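The structure appears right after this line, and notes come after that.
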Amino acid sequence: MKIFAIILTFVVSLAYLNVEAAEVVAPSNSELKEAQNELDNSIQNLEDVKEKKELTPEEKDRLELEASKKVLAEVIQFSIAETSNIIDKLGQLTDLKEKYAESREGYLIILEDLFKFQEDYLLKLEDEALDLAGVKKLAVAFKKWRFDIYGPALRDAINFLLVLQGNEVLAVAEKRHSKISGDLKILKNSKIIKVELLHPILNETRLILDDASLLNVRANQLLFDASSTPAQLSGATESVLVKVKQVYAKFLEMSALVKKMLGK
Amino acid sequence: MEDHLIKILKEFRGIQPDPGFIKRSRLALSVLPPQRISNPVRRGVMEAMESFKFATAITFASLMLFLIAGGVSYFKFKNSPGILGSIQEQDLKDEAAFSIQLGEAKYFEQSSEEVASALNKISEEKDRDDADLLLNSLIL
C-alpha cells in the first residue's frame, strides 16, 4: 500500500506540473499589426502626393483628397481593430468573482459603443460630396474624440485587464515557489544537488513575491476606488508584473545552477 | 401415539436428497476458502501465491491510474532533467510569457502616438504634445 501511495503522489504532482504550464496565454496582435502596416503605407502615399510638384492644383487636390480619405479610413480601421482586440480579451475572461464580472460587463458595454461609433464614422467617408476640407474636419474631430472619449475608456479597460493578469500571474508564481521549495526539502540530503546554493536565491524570490503581493492588493483596491487615478492603477499593476518577472528571472537562475550541478 | 411417531421416523430414513441440490451444494463448497493446510511447505506456497495475486492487483491498479492521470506528463518528465522538475527551464519560460501581454499594453502607447500623427498629417496640424500624446503617459 505504501508503494501505491508513492505512485499516486508522483502521478498527481506530474499532472499538476503539466496543467500549470498551460495557464498562461500568449497574446496575438496580428490583426492590429496588419492594420498598422496598411496605415503606414497610406501615410507614405499621402506624403508622396503632397510632395509632387508636377501636378496641376486640381489634380493635386483630387489626389490629396483620395490619399487623405484613405489615411483617415485606415486610422479608423486601426482604431476599430484596437477596440476589437480589447473586447476579445474581456470576453475571454472566465470564472470572475461577482464584482469583477460586473466591471467586465460595464467595460464591454462602453467598448461596444465605441466600436459602433467608429463603424458609423467610417460611413461618413463614403459621402460623395466630401471634399478635402471636409476630410480635414473629420480628422480633427476624430482626434478629439479619441482623446476625450476613446482613450480614457480604453485605458480603463486595459488597466482592468492588467489587474486581473496581475492576480493570475502572482498566483501561478506562488504555486511555482511552493513546488520548488518542496523539491528542495526533498533533496536536502542530496549529494548531487547542493540545496545550500539554491536556498539563498529562493529566499530572495520570497521577498520579491511578498512585495508583489502587497502591490497587487493595492492595485485591486485602486481598481474599485473611484478616487484613484488611472496612472496610480497602472503604476501599481505594472509594478506587480515587473516584480513577478524578476521572480522568474531568479527561478531561471536556479534552473541554470541545477543544470550546472548535474553537469549538463 | 408413540407407534405413530416411530412410523413417521422410519419413513424419513428412506428420504434421498434431490440430485440438483447435491450438485449445487458441491459447487458452493468448492468455492469456500480452503481449510488450513497442515503441510507447512504446501501452506507456504499457497500463501505466497495469494500474496502474489494481491500484489499483481495493486500494481495493475496503480499502472492504470498512472496512465490515466499522468501518462502524457510522464513522457514529458522522462525527457527532462528528472531531478528538481519544478525548475525546468521551459516550464519557467512558459509561465513568464505574461511579459508579452505587458508589452502589449505598451503597444497601445505607441499606437496612440502614430494615430495622432497620422491624423495630423491629414489636417496639417503639427505633431506637438497634444491630446493623444498626453494620453500615452496615462496608459502606461
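Protein chains in written order, with this note's numbering: chain A, 2 to 265; chain B, -7 to 132. Positions of the beta carbon are idealized from the N, C-alpha and C atoms, including for glycine. Nothing here was measured: the structure is a model prediction, and the numbers come from that model.
Query: Determine the direct distance from the alpha carbon of A/VAL241 to that of A/SER43, and round the result to whole angstroms.; Result: 39 Å
Query: Identify which residue in A/LEU215, A/ILE181, A/ILE193 has its Cα closest to the Cα of A/LEU203.; Result: A/ILE181
Query: Just the Cα atoms here: how many angstroms apart are B/LYS85 and A/TYR249?; Result: 8 Å
Query: Do we get a CB-CB distance below 7 Å when we pair B/LEU59 with the residues of chain A?; Result: The pLDDT assigned to B/LEU59 is 49, lower than 50, so where the model puts this residue is not dependable; a value taken from the coordinates is nonetheless given after this. For B/LEU59, the answer is no, since every Cβ of chain A falls outside 7 Å of its Cβ.
Query: Helix, strand or coil, according to DSSP, for A/ALA82 in the structure here?; Result: helix
Query: Which of helix, strand or coil does DSSP assign to B/GLN80?; Result: coil
Query: With a 10 Å radius around its C-beta and 16 neighbouring C-beta atoms as the bar for buried, classify A/ASP114 as buried or exposed.; Result: exposed
Query: At a Cβ threshold of 7 Å, is B/ALA49 touching chain A?; Result: no
Query: Pick out the complete alpha helix (DSSP H) segments inside the segment 94 to 155 of chain A, 4 residues or longer, and give them in chain order.; Result: 99 to 125, 133 to 146
Query: Using a Cβ-Cβ cutoff of less than 6 Å, which residues in the same chain neighbour A/GLN119 once the five nearest sequence positions on both sides are dropped?; Result: ILE77, SER80, ILE81
Query: Is the shortest distance between the beta-carbon of A/ASP184 and the beta-carbons of chain B less than 7 Å?; Result: yes
Query: Hey, A/LYS70 and A/LEU126: beta-carbon distance below 7 Å or not?; Result: yes
Query: Name the residues in the segment 198 to 230 of chain A whose C-beta lies less than 7 Å from a C-beta of chain B; which are they?; Result: none
Query: What residues of chain B sit near A/GLU83, judged by a beta carbon separation below 8 Å?; Result: PHE100, SER103
Query: At a cut of 8 Å, does the segment 155 to 170 of chain A reach the segment 96 to 114 of chain A through at least three beta carbon pairs?; Result: yes
Query: Do A/VAL164 and A/LEU224 have their beta-carbon atoms positioned less than 7 Å apart in this structure?; Result: yes
Query: Please compile the residues from chain B whose C-beta is within a distance smaller than 8 Å of the C-beta of A/GLN37.; Result: SER103, GLU106
Query: Helix, strand or coil for A/ALA220 per DSSP?; Result: helix
Query: On a CA-only basis, which of A/GLU32, A/MET262, A/GLN93 is nearest A/LEU198? Give me that one, please.; Result: A/MET262
Query: Hey, could you find the ends of the alpha helix (DSSP H) A/GLN45 is sitting in?; Result: 31 to 52
Query: Measuring only the C-alpha atoms, how far is A/LEU66 from A/SER235?; Result: 40 Å
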